[in-house]
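*Asks:*
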Amino acid sequence: MREKKYILPVIIISLLLIGIIALSIVLPAGYGIYIAFCFVAVIALLVFRWKKLKKTRGNVALLILTCITFVFFVLSLYCNPYFGSTTTKLISVESMSHPEQLLTKKQALRDADYAMRYLRKIHPATYGGLPQNVKAEWKKVRAEIASTEQISKVELNRKLESVFSLLGDAHTHISFSFNDEHYLKYVYAHNQAGDSFVSVNGIAREDLFYNNRQLFSTECDEYALTFLGRYIIMLEGLEYLGVEPIAGGYTYGIKHKDGTIEEKTYPVSDFVTYDDYRAYNGIENNSNGTYSFVRYEIDTEHDAGILTIDECNYNKTYRSTVKEFFEAVKATGVNNVIVDLRDNGGGSSLVANEFIRYLPVEKYKDFSSDLRMGFFYIPEKEGSIINRQYTENLFNGKVYVLTSVRSFSAAMDFAMYVKDNHLGLIVGQASGNRADSYGDVVSFRLPESKLYMQISWKKWYRIDTSTADAFIEPDLPCAAEDALDAAFNAIK
Numbered sequence: 015m016r017e018k019k020y021i022l023p024v025i026i027i028s029l030l031l032i033g034i035i036a037l038s039i040v041l042p043a044g045y046g047i048y049i050a051f052c053f054v055a056v057i058a059l060l061v062f063r064w065k066k067l068k069k070t071r072g073n074v075a076l077l078i079l080t081c082i083t084f085v086f087f088v089l090s091l092y093c094n095p096y097f098g099s100t101t102t103k104l105i106s107v108e109s110m111s112h113p114e115q116l117l118t119k120k121q122a123l124r125d126a127d128y129a130m131r132y133l134r135k136i137h138p139a140t141y142g143g144l145p146q147n148v149k150a151e152w153k154k155v156r157a158e159i160a161s162t163e164q165i166s167k168v169e170l171n172r173k174l175e176s177v178f179s180l181l182g183d184a185h186t187h188i189s190f191s192f193n194d195e196h197y198l199k200y201v202y203a204h205n206q207a208g209d210s211f212v213s214v215n216g217i218a219r220e221d222l223f224y225n226n227r228q229l230f231s232t233e234c235d236e237y238a239l240t241f242l243g244r245y246i247i248m249l250e251g252l253e254y255l256g257v258e259p260i261a262g263g264y265t266y267g268i269k270h271k272d273g274t275i276e277e278k279t280y281p282v283s284d285f286v287t288y289d290d291y292r293a294y295n296g297i298e299n300n301s302n303g304t305y306s307f308v309r310y311e312i313d314t315e316h317d318a319g320i321l322t323i324d325e326c327n328y329n330k331t332y333r334s335t336v337k338e339f340f341e342a343v344k345a346t347g348v349n350n351v352i353v354d355l356r357d358n359g360g361g362s363s364l365v366a367n368e369f370i371r372y373l374p375v376e377k378y379k380d381f382s383s384d385l386r387m388g389f390f391y392i393p394e395k396e397g398s399i400i401n402r403q404y405t406e407n408l409f410n411g412k413v414y415v416l417t418s419v420r421s422f423s424a425a426m427d428f429a430m431y432v433k434d435n436h437l438g439l440i441v442g443q444a445s446g447n448r449a450d451s452y453g454d455v456v457s458f459r460l461p462e463s464k465l466y467m468q469i470s471w472k473k474w475y476r477i478d479t480s481t482a483d484a485f486i487e488p489d490l491p492c493a494a495e496d497a498l499d500a501a502f503n504a505i506k
């Protein structure tokens, strides 16, 4: 009965394979897929050995079990939103070469079809088919691509983004990322002087945005406008916006600190790579560790500890800094904590959960979500989080969170946790994306152009379902630059 010795190994391997498939949804997908592949290889070897064995009922049953497991494996890989993404690759993925490089019609169509295939497969809004407006725009865009023999990478980017932007999801977009972006070398000096760029070639900054509104995936126009500044001081960004040089240069309207506006023309040769930009302006590499995305100060004059978080990076540095912060708050006896999220573009919402562990709350409400997993659309109900408090440094004072239109994604989640659970007050401007929004992105590179693409696979719902507010509105509204002073006044 030589075949008996294979029965237990095959059963164990099959069960492990199913477990690995489940884990691959929550673990880094590359590792889950790699391990699963190994299990399939082992099972395949065992199946090969069965060919030499007698076809008993036990062997037939095991063969059926193996086939079912394999089908389940393939189906689960398809339903895993990370399968095929850059997340599953163990090597770095190249950025685009210079944008002027042209694509053939065949290459462009391959990229376009690739992008739409994954948009249909992953995004919650495309479950059951593309929305009608997206479908119509995609039909038009594909026909335009098919009617030309060549297309630039930036033009392909413009066309595909006009489709993606219709979803109204700021997390889902296609964008360029070059190896050698070219920046106006005088920008640093203008920033130091307090200048701002208000127009290019006679076109106002706001008009540049609204004339190209279809090229930006956004939920809040004010949020997108804050980042338009990066496009207008970069050659590749100007091309994306459709702004052509006049007589070999660009004329900027520059608003000075005193309110006066001056026009200056810069030739294309004044746009340099980022390394040359830094060298020209004497900007040192920040790798010496003098700057941190999370930092704090204790302001005893205003009876407050101020914690600044520029990105929601949940790591050892964040956890240790927050611990030191609350230790300092306790040691100095200040009665107010101010969290500054005004320049925070998001990251992990675990940053908020870690902060709340220092607050005197036993449990608090969490947001609910819908998960798009291939053929399946899985709703997750709203729940409560048991707060594992750090009792030795528990803070019993008042909490203020400073926000602006640049407070996006996980930074918005942070503000929502505080506001909707009545843990503190929000000061400043409304958040940069909606409380009911898409998120948890999967990233890709289009195969021919190497354009960067990311797609949401979850839809999140606001904790407080009773409010009609689309955004996290401040309790104490004011301009973003005045938010800290407004918090100080509230403390008084």
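Whatever position you read off the sequence shown (first residue = 1), add 14 for the numbering used here. Note that the Cβ used here is the ideal one computed from N, Cα and C, for glycine as well. The structure displayed is predicted, hence computed values, not measured ones.
So for glycine 44, helix, strand or coil by DSSP?
*Replies:* Translated into the one-based positions of the sequence shown, residue 44 becomes position 30. Annotation note: pLDDT 49 at glycine 44 (below 50); position unreliable, coordinate value reported separately. It is helical.
*Asks:* DSSP state of histidine 78, grouped into three classes?
*Replies:* Translated into the one-based positions of the sequence shown, residue 78 becomes position 64. Reading the sequence as shown, one finds isoleucine at residue 78 and not histidine. It is helical.
*Asks:* Tell me whether leucine 222 is buried or exposed, calling it buried when 16 or more other Cβ atoms sit within 10 Å of its Cβ.
*Replies:* Numbered from its first residue, the sequence shown carries residue 222 at position 208. Its Cβ being crowded by 16 or more others within 10 Å, leucine 222 is buried.
*Asks:* Considering just the uninterrupted stretch of the alpha helix (DSSP H) at valine 155, what are its terminal residues?
*Replies:* As a first step, residue 155 is located in the sequence shown; it is residue number 141 there, counting from the start. Taken as a continuous stretch (DSSP letters only), the alpha helix (DSSP H) holding valine 155 covers 146-160.
*Asks:* Report, in whole angstroms, the separation of the C-beta atoms of serine 416 and aspartate 354, which I expect to be a contact under 8 angstroms.
*Replies:* Here the question's residue 416 lines up with position 402 in the sequence shown. Here the question's residue 354 lines up with position 340 in the sequence shown. The amino acid at residue 416 is misidentified as serine; the sequence shows leucine. Between aspartate 354 and leucine 416 the Cβ distance is about 5 angstroms, and since that is below 8 angstroms, they are a contact.
*Asks:* Are the region 454-471 and the region 396-407 in contact at 8 angstroms, needing three or more beta carbon pairs?
*Replies:* Too few Cβ pairs lie closer than 8 angstroms, so no.
*Asks:* Report the CB separation of proline 95 from tryptophan 474 in whole angstroms; it is logged as a contact under 8 angstroms.
*Replies:* As a first step, residue 95 must be located in the sequence shown, where it is residue number 81. As a first step, residue 474 must be located in the sequence shown, where it is residue number 460. That pair is no contact at about 15 angstroms.
*Asks:* Give me the Cα-Cα distance between isoleucine 477 and phenylalanine 381, rounded to the nearest whole angstrom.
*Replies:* Here residue 477 corresponds to residue number 463 of the sequence shown, with the count starting at 1. Here residue 381 corresponds to residue number 367 of the sequence shown, with the count starting at 1. Rounded to whole angstroms, isoleucine 477 to phenylalanine 381 spans 5 angstroms at the Cα level.
*Asks:* Could you check the C-alpha separation between valine 308 and glutamate 495 for me, to the nearest Å?
*Replies:* Within the sequence shown, the letter at position 294 stands for residue 308. Within the sequence shown, the letter at position 481 stands for residue 495. About 19 angstroms.
*Asks:* Closest to asparagine 295 by C-alpha separation, out of Ala203, Ser210, Ala425 and Glu376, would be which residue?
*Replies:* Residue mapping note: residue 295 aligns to position 281 of the sequence shown, counting from 1. The shortest C-alpha separation from asparagine 295 is found at Ala203.
*Asks:* Can you give the beta carbon distance from tyrosine 328 to glutamate 368, rounded, assuming they're within the 8 angstroms contact cut?
*Replies:* What you label residue 328 is simply residue 314 of the sequence shown in a count that begins at 1. What you label residue 368 is simply residue 354 of the sequence shown in a count that begins at 1. The Cβ separation is near 7 angstroms, so the contact holds.
*Asks:* Could you give the first and the last residue of the continuous beta strand (DSSP E) run that contains histidine 196?
*Replies:* If you number the sequence shown from 1, residue 196 lands on position 182. 196-198 is the span of the beta strand (DSSP E), which, as asked, contains histidine 196.
*Asks:* Let's see if you can read the secondary structure: which residues bound the alpha helix (DSSP H) around asparagine 367?
*Replies:* Position 353 of the sequence shown holds residue 367. Where asparagine 367 is concerned, the enclosing alpha helix (DSSP H) stretches over 364-370.
*Asks:* Helix, strand or coil for asparagine 171, going by three-state DSSP, please let me know.
*Replies:* Taking the first residue of the sequence shown as 1, we reach residue 171 at position 157. Three-state result, asparagine 171: helix.
*Asks:* Express the C-alpha separation of leucine 116 and alanine 510 in angstroms, rounding to a whole number.
*Replies:* Nothing about residue 510 can be reported from this structure: the residues present for the chain run from 15 to 506 only.
*Asks:* Round the Cβ separation of glycine 446 and tyrosine 237 to the nearest angstrom and send it over; I've been treating them as touching at under 8 angstroms.
*Replies:* Taking the first residue of the sequence shown as 1, we reach residue 446 at position 432. Taking the first residue of the sequence shown as 1, we reach residue 237 at position 223. With a Cβ gap of about 4 angstroms, glycine 446 and tyrosine 237 count as contacting.
*Asks:* Look up cysteine 326 in the DSSP assignment and give the residues it is bridged to.
*Replies:* Position 312 of the sequence shown, counting from 1, holds the residue named residue 326. DSSP lists Gly361 as partners of cysteine 326.
*Asks:* Going by Cα to Cα distance, which pick from Ala126, Val148, Arg227 and Glu315 is closest to isoleucine 505?
*Replies:* If you number the sequence shown from 1, residue 505 lands on position 491. Ranking the options by Cα distance to isoleucine 505, first place goes to Glu315.
*Asks:* Enumerate in chain order the residues of its own chain whose CB-to-CB distance from proline 461 is below 8 angstroms, with the five nearest sequence positions on each side excluded.
*Replies:* Position 447 of the sequence shown, counting from 1, holds the residue named residue 461. Contacts found: Arg124, Asp125 and Tyr128.
*Asks:* Near arginine 356, which residues of its chain fall below 7 angstroms by C-beta distance, leaving aside the five closest residues on each side in sequence?
*Replies:* The count along the sequence shown starts at 1 and reaches residue 356 at position 342. If we look at arginine 356 and ignore the five residues flanking it on each side, its Cβ neighbours are Leu416, Thr417, Ser418, Arg420, Ser421, Gly442, Ala494 and Ala497.
*Asks:* Once you ignore the five residues that flank leucine 242 on each side, which residues in its own chain have a CB closer than 7 angstroms to its CB?
*Replies:* As a first step, residue 242 must be located in the sequence shown, where it is residue number 228. Hits under 7 angstroms: Arg219, Leu222 and Phe223.
*Asks:* Which term fits proline 281, buried or exposed, when burial requires 16 or more other beta carbons within 10 angstroms of its beta carbon?
*Replies:* The residue given as residue 281 occupies position 267 in the sequence shown. By the neighbour-count rule (16 or more Cβ atoms within 10 Å), proline 281 is not buried but exposed.
*Asks:* Could you give the residue range of the beta strand (DSSP E) that holds threonine 499?
*Replies:* By 1-based counting over the sequence shown, the position of residue 499 is 485. The question names threonine, but residue 499 in the sequence shown is aspartate. Counting along the chain, aspartate 499 falls outside any beta strand (DSSP E), though it belongs to the alpha helix (DSSP H) covering 497-505.
*Asks:* Check whether the Cβ atoms of valine 5 and lysine 278 lie closer than 8 angstroms to each other.
*Replies:* What the structure shows of the chain is the stretch from 15 to 506, and residue 5 is not part of that stretch, so it cannot be assessed.
*Asks:* Per DSSP, glycine 394 forms a beta bridge with which residues?
*Replies:* To locate residue 394, count along the sequence shown from 1; it is residue 380. Sequence check: residue 394 is glutamate here, not glycine. Ser383, per the DSSP bridge assignment.
*Asks:* Going by DSSP, what residue range makes up the alpha helix (DSSP H) through valine 419?
*Replies:* Looking up residue 419 in the sequence shown gives position 405. No alpha helix (DSSP H) holds valine 419; DSSP gives it neither H nor E.
*Asks:* Buried or exposed, going by whether 16 or more other CB atoms sit within 10 Å of the CB of threonine 479?
*Replies:* Mapped onto the sequence shown, residue 479 falls at position 465. So threonine 479 counts as exposed.
*Asks:* Does the count of Cβ pairs from the region 180-189 and the region 228-235 closer than 8 angstroms reach three?
*Replies:* Result yes; three or more Cβ-Cβ pairs closer than 8 angstroms.
*Asks:* Taking contact to mean at least 3 C-beta pairs separated by less than 8 angstroms, is the region 132-142 in contact with the region 424-432?
*Replies:* As far as the Cβ criterion goes, the region 132-142 does not touch the region 424-432, which means the pair count is below three.
*Asks:* Under three-state DSSP, which class holds aspartate 221?
*Replies:* Numbered from its first residue, the sequence shown carries residue 221 at position 207. Helix, per DSSP.
*Asks:* Which of the three DSSP states, helix, strand or coil, is assigned to valine 375?
*Replies:* Locating residue 375 in the sequence shown gives position 361, counting from the first residue. Valine 375 falls in the coil class under three-state DSSP.
*Asks:* Would you call the region 139-148 and the region 171-185 in contact, with 3 or more CB pairs under 8 angstroms?
*Replies:* Yes, they touch.
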